[in-house]
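*Asks:* First the structure, which I've put down as C-alpha coordinates, then a few questions once you've had a look.
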Amino acid sequence: MVNPEAEAVDFEPEDDDLMDEDIGEGSPNATRGAQIPRLKSAVTGGGAVSAVRKTKGRGFRDENAAEEDRNARFDSLDTEGGPGPERSIEGWIILVTGVHEEAQEDDLQNAFGEFGEIKNLHLNLDRRTGFVKGYALIEYENFEEAQKAIEELNGNELLTQIINVSWAFSKGPYRRRNMRRSPRGRRSRSPRRRF
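To convert a position in the sequence shown, counted from 1, into the working numbering, add 399.
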(Lines of atoms letter the chains of each structure in order from A; the text may use other names.)
(Lines give C-alpha, C1' and ligand atoms only; values in the text may rest on other atoms or scores of the structure.)
Protein backbone atom coordinates (compact mmCIF):
# COMPACT_ATOMS: atom_id res chain seq x y z
CA MET A 400 0.00 0.00 0.00
CA VAL A 401 1.49 3.34 -1.08
CA ASN A 402 1.14 6.43 1.09
CA PRO A 403 -0.24 9.23 -1.13
CA GLU A 404 1.16 11.95 1.15
CA ALA A 405 4.78 10.75 0.87
CA GLU A 406 6.95 12.67 -1.54
CA ALA A 407 9.46 10.97 -3.78
CA VAL A 408 12.94 12.27 -3.06
CA ASP A 409 15.65 12.02 -5.68
CA PHE A 410 19.01 12.14 -3.93
CA GLU A 411 21.73 13.99 -5.80
CA PRO A 412 25.11 13.96 -4.05
CA GLU A 413 26.55 17.37 -3.40
CA ASP A 414 30.18 18.25 -3.91
CA ASP A 415 30.86 17.74 -0.21
CA ASP A 416 29.59 14.16 -0.38
CA LEU A 417 32.13 13.02 -2.96
CA MET A 418 35.03 10.99 -1.67
CA ASP A 419 38.65 12.00 -2.30
CA GLU A 420 39.12 9.03 -4.61
CA ASP A 421 36.52 10.37 -7.05
CA ILE A 422 38.45 13.58 -7.57
CA GLY A 423 41.38 13.20 -9.90
CA GLU A 424 42.66 14.02 -13.30
CA GLY A 425 40.00 13.75 -15.96
CA SER A 426 37.05 13.76 -13.57
CA PRO A 427 34.47 16.54 -13.78
CA ASN A 428 35.31 17.67 -10.24
CA ALA A 429 39.05 18.03 -10.94
CA THR A 430 38.64 21.69 -11.76
CA ARG A 431 38.48 22.68 -8.11
CA GLY A 432 40.86 25.40 -7.15
CA ALA A 433 42.68 23.90 -4.15
CA GLN A 434 44.23 20.45 -3.89
CA ILE A 435 42.65 18.45 -1.07
CA PRO A 436 45.29 17.03 1.29
CA ARG A 437 45.32 13.24 1.42
CA LEU A 438 45.43 11.34 4.66
CA LYS A 439 48.53 9.30 5.39
CA SER A 440 47.88 5.61 5.58
CA ALA A 441 49.40 3.54 8.37
CA VAL A 442 49.46 0.52 6.06
CA THR A 443 51.10 1.98 2.98
CA GLY A 444 53.20 4.53 4.85
CA GLY A 445 52.32 7.69 2.99
CA GLY A 446 49.76 9.75 1.21
CA ALA A 447 51.32 10.31 -2.21
CA VAL A 448 49.56 8.57 -5.09
CA SER A 449 52.81 7.46 -6.73
CA ALA A 450 54.13 5.98 -3.48
CA VAL A 451 51.20 3.63 -2.94
CA ARG A 452 52.48 0.12 -2.29
CA LYS A 453 50.12 -2.77 -2.79
CA THR A 454 50.34 -5.38 -0.09
CA LYS A 455 48.94 -8.87 -0.01
CA GLY A 456 48.90 -11.79 2.35
CA ARG A 457 49.41 -12.04 6.06
CA GLY A 458 50.69 -8.94 7.67
CA PHE A 459 52.49 -6.33 5.67
CA ARG A 460 56.14 -7.28 5.94
CA ASP A 461 58.89 -6.89 3.45
CA GLU A 462 60.72 -9.88 2.00
CA ASN A 463 63.89 -9.28 4.04
CA ALA A 464 62.01 -9.60 7.33
CA ALA A 465 60.30 -12.78 6.13
CA GLU A 466 63.67 -14.27 5.13
CA GLU A 467 65.14 -13.42 8.55
CA ASP A 468 62.23 -15.18 10.26
CA ARG A 469 62.79 -18.33 8.20
CA ASN A 470 66.46 -18.47 9.17
CA ALA A 471 65.95 -17.63 12.86
CA ARG A 472 67.00 -20.07 15.56
CA PHE A 473 64.51 -20.72 18.32
CA ASP A 474 65.19 -21.59 21.93
CA SER A 475 64.91 -25.27 22.72
CA LEU A 476 65.76 -27.66 25.49
CA ASP A 477 69.02 -29.52 25.21
CA THR A 478 68.34 -33.20 24.68
CA GLU A 479 70.64 -36.14 24.53
CA GLY A 480 70.06 -39.52 23.01
CA GLY A 481 67.43 -40.76 20.64
CA PRO A 482 63.77 -41.63 20.91
CA GLY A 483 62.05 -41.57 24.29
CA PRO A 484 60.18 -39.27 26.65
CA GLU A 485 60.81 -35.54 26.46
CA ARG A 486 60.87 -33.25 29.47
CA SER A 487 58.76 -30.10 29.31
CA ILE A 488 60.01 -26.79 30.64
CA GLU A 489 58.80 -27.43 34.18
CA GLY A 490 58.50 -31.19 34.57
CA TRP A 491 57.49 -34.54 33.10
CA ILE A 492 53.98 -34.53 31.62
CA ILE A 493 51.91 -37.64 31.02
CA LEU A 494 48.78 -37.90 28.90
CA VAL A 495 45.82 -39.86 30.20
CA THR A 496 43.21 -40.80 27.58
CA GLY A 497 39.91 -42.61 27.96
CA VAL A 498 38.94 -40.58 31.03
CA HIS A 499 35.26 -40.95 31.98
CA GLU A 500 33.16 -37.91 31.09
CA GLU A 501 31.98 -37.48 34.69
CA ALA A 502 35.45 -37.75 36.25
CA GLN A 503 36.56 -35.06 38.68
CA GLU A 504 40.04 -33.70 39.38
CA ASP A 505 39.93 -35.41 42.78
CA ASP A 506 39.48 -38.83 41.11
CA LEU A 507 42.62 -38.34 39.05
CA GLN A 508 44.47 -36.77 41.98
CA ASN A 509 43.73 -39.83 44.13
CA ALA A 510 44.69 -42.34 41.44
CA PHE A 511 47.89 -40.65 40.25
CA GLY A 512 48.91 -39.08 43.57
CA GLU A 513 50.09 -42.49 44.84
CA PHE A 514 53.15 -42.34 42.60
CA GLY A 515 54.45 -38.93 43.63
CA GLU A 516 53.56 -35.29 44.03
CA ILE A 517 51.46 -33.99 41.16
CA LYS A 518 52.78 -30.61 40.17
CA ASN A 519 49.96 -29.74 37.76
CA LEU A 520 46.76 -31.41 36.56
CA HIS A 521 44.65 -30.32 33.57
CA LEU A 522 41.25 -31.87 33.06
CA ASN A 523 39.66 -30.07 30.10
CA LEU A 524 35.90 -29.72 29.82
CA ASP A 525 33.73 -29.55 26.73
CA ARG A 526 32.21 -26.05 26.53
CA ARG A 527 28.95 -27.25 25.05
CA THR A 528 28.20 -30.15 27.39
CA GLY A 529 30.26 -29.31 30.46
CA PHE A 530 31.61 -32.87 30.63
CA VAL A 531 35.25 -33.93 30.53
CA LYS A 532 36.64 -34.15 26.99
CA GLY A 533 38.16 -37.56 27.66
CA TYR A 534 41.78 -36.77 28.39
CA ALA A 535 43.90 -35.26 31.12
CA LEU A 536 47.45 -33.91 31.37
CA ILE A 537 49.31 -34.65 34.58
CA GLU A 538 52.72 -33.18 35.42
CA TYR A 539 55.24 -34.71 37.79
CA GLU A 540 58.47 -33.14 39.03
CA ASN A 541 60.55 -36.33 38.70
CA PHE A 542 60.96 -38.70 35.78
CA GLU A 543 60.80 -41.78 38.03
CA GLU A 544 57.38 -40.80 39.45
CA ALA A 545 55.91 -40.23 35.99
CA GLN A 546 57.42 -43.47 34.66
CA LYS A 547 55.98 -45.48 37.55
CA ALA A 548 52.52 -43.94 37.06
CA ILE A 549 52.61 -44.89 33.38
CA GLU A 550 53.70 -48.46 34.08
CA GLU A 551 51.15 -49.03 36.86
CA LEU A 552 48.04 -47.30 35.49
CA ASN A 553 48.26 -47.86 31.73
CA GLY A 554 45.38 -50.16 30.80
CA ASN A 555 43.77 -50.01 34.26
CA GLU A 556 40.20 -49.03 35.03
CA LEU A 557 39.20 -45.62 36.37
CA LEU A 558 35.48 -44.96 36.94
CA THR A 559 34.38 -47.98 34.86
CA GLN A 560 36.55 -47.02 31.87
CA ILE A 561 39.93 -48.32 30.77
CA ILE A 562 42.47 -45.50 30.66
CA ASN A 563 45.61 -45.28 28.54
CA VAL A 564 48.58 -43.50 30.05
CA SER A 565 51.63 -42.40 28.05
CA TRP A 566 54.14 -39.59 27.72
CA ALA A 567 52.67 -36.33 26.46
CA PHE A 568 55.93 -35.31 24.77
CA SER A 569 58.40 -37.66 23.19
CA LYS A 570 61.45 -37.34 21.03
CA GLY A 571 60.95 -38.74 17.59
CA PRO A 572 63.16 -41.33 15.93
CA TYR A 573 66.59 -40.36 14.69
CA ARG A 574 66.43 -38.33 11.49
CA ARG A 575 69.02 -36.85 9.26
CA ARG A 576 68.51 -33.11 8.93
CA ASN A 577 69.49 -32.90 5.28
CA MET A 578 67.16 -35.66 4.15
CA ARG A 579 64.71 -34.36 1.56
CA ARG A 580 61.37 -35.91 0.83
CA SER A 581 60.02 -36.26 -2.63
CA PRO A 582 57.03 -34.02 -3.36
CA ARG A 583 54.81 -37.06 -3.67
CA GLY A 584 56.17 -38.82 -0.61
CA ARG A 585 53.54 -40.36 1.67
CA ARG A 586 50.63 -39.09 -0.41
CA SER A 587 48.05 -41.13 -2.19
CA ARG A 588 48.03 -40.93 -5.94
CA SER A 589 45.07 -40.87 -8.22
CA PRO A 590 45.01 -43.49 -10.97
CA ARG A 591 46.23 -42.36 -14.39
CA ARG A 592 43.64 -41.16 -16.86
CA ARG A 593 42.62 -43.40 -19.71
CA PHE A 594 42.10 -41.72 -23.04
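Backbone N, C-alpha and C define an ideal beta-carbon position, used for all residues, glycine too. The structure displayed is predicted, hence computed values, not measured ones.
Using the DSSP secondary-structure output, state which residues sit across from ILE537 in a beta bridge.
*Replies:* Answer by DSSP bridge pairing, in chain order: ILE493, LEU520.
*Asks:* For GLU544, count neighbouring Cβ atoms within 10 angstroms of its own Cβ and tell me buried if that reaches 16, exposed if not.
*Replies:* Label assigned to GLU544: buried.
*Asks:* Across the stretch 550-566 and the stretch 489-504, are there enough close Cβ pairs to call them in contact, namely three or more that are closer than 8 Å?
*Replies:* At 8 Å Cβ cutoff, the stretches touch.
*Asks:* Is it right to say LEU524 is buried, meaning 16 or more other beta carbons lie within 10 angstroms of its own, or is it exposed?
*Replies:* By the neighbour-count rule (16 or more Cβ atoms within 10 Å), LEU524 is not buried but exposed.
*Asks:* So, with DSSP's three-state summary, where would you put GLY375?
*Replies:* Since the first and last residues shown for the chain are 400 and 594, residue 375 lies out of range.
*Asks:* When the Cα of ALA535 is compared with those of GLU467, ALA510, SER569, which residue comes out closest?
*Replies:* Residue ALA510 is the option with its Cα nearest to ALA535.
*Asks:* In the DSSP assignment, find the unbroken alpha helix (DSSP H) run with ASN509 in it and report its ends.
*Replies:* Counting along the chain, the alpha helix (DSSP H) containing ASN509 begins and ends at 504-511.
*Asks:* With a 10 Å radius around its C-beta and 16 neighbouring C-beta atoms as the bar for buried, classify PHE514 as buried or exposed.
*Replies:* Buried, by the Cβ-count rule.
*Asks:* If I follow the unbroken beta strand (DSSP E) through SER565, where does it start and stop?
*Replies:* Element bounds for SER565: 563-566.
*Asks:* Please name the residue, chosen from HIS521, GLY483, ILE537, TYR539, that lies closest to GLU531 on a Cα-to-Cα basis.
*Replies:* It is worth fixing the name first, because residue 531 is Val in this sequence and not Glu. VAL531 has its Cα closest to that of HIS521, out of HIS521, GLY483, ILE537, TYR539.
*Asks:* For ILE493, count the other beta carbons within 10 Å of its own beta carbon; 16 or more makes it buried, fewer makes it exposed. Which is it?
*Replies:* Per the 10 Å Cβ criterion, buried.
*Asks:* So, with DSSP's three-state summary, where would you put GLU466?
*Replies:* Helix, per DSSP.
*Asks:* Grab me the residues of SER569's own chain with a C-beta within less than 8 Å of its C-beta, minus the 5 sequence neighbours each way, in chain order.
*Replies:* PRO482, GLY483, PRO484, GLU485.
*Asks:* In this structure, how does DSSP classify GLU500 when only helix, strand and coil are distinguished?
*Replies:* Coil.
*Asks:* Buried or exposed: where does ILE488 fall if 16 or more other Cβ atoms within 10 Å of its Cβ makes it buried?
*Replies:* That one is exposed.
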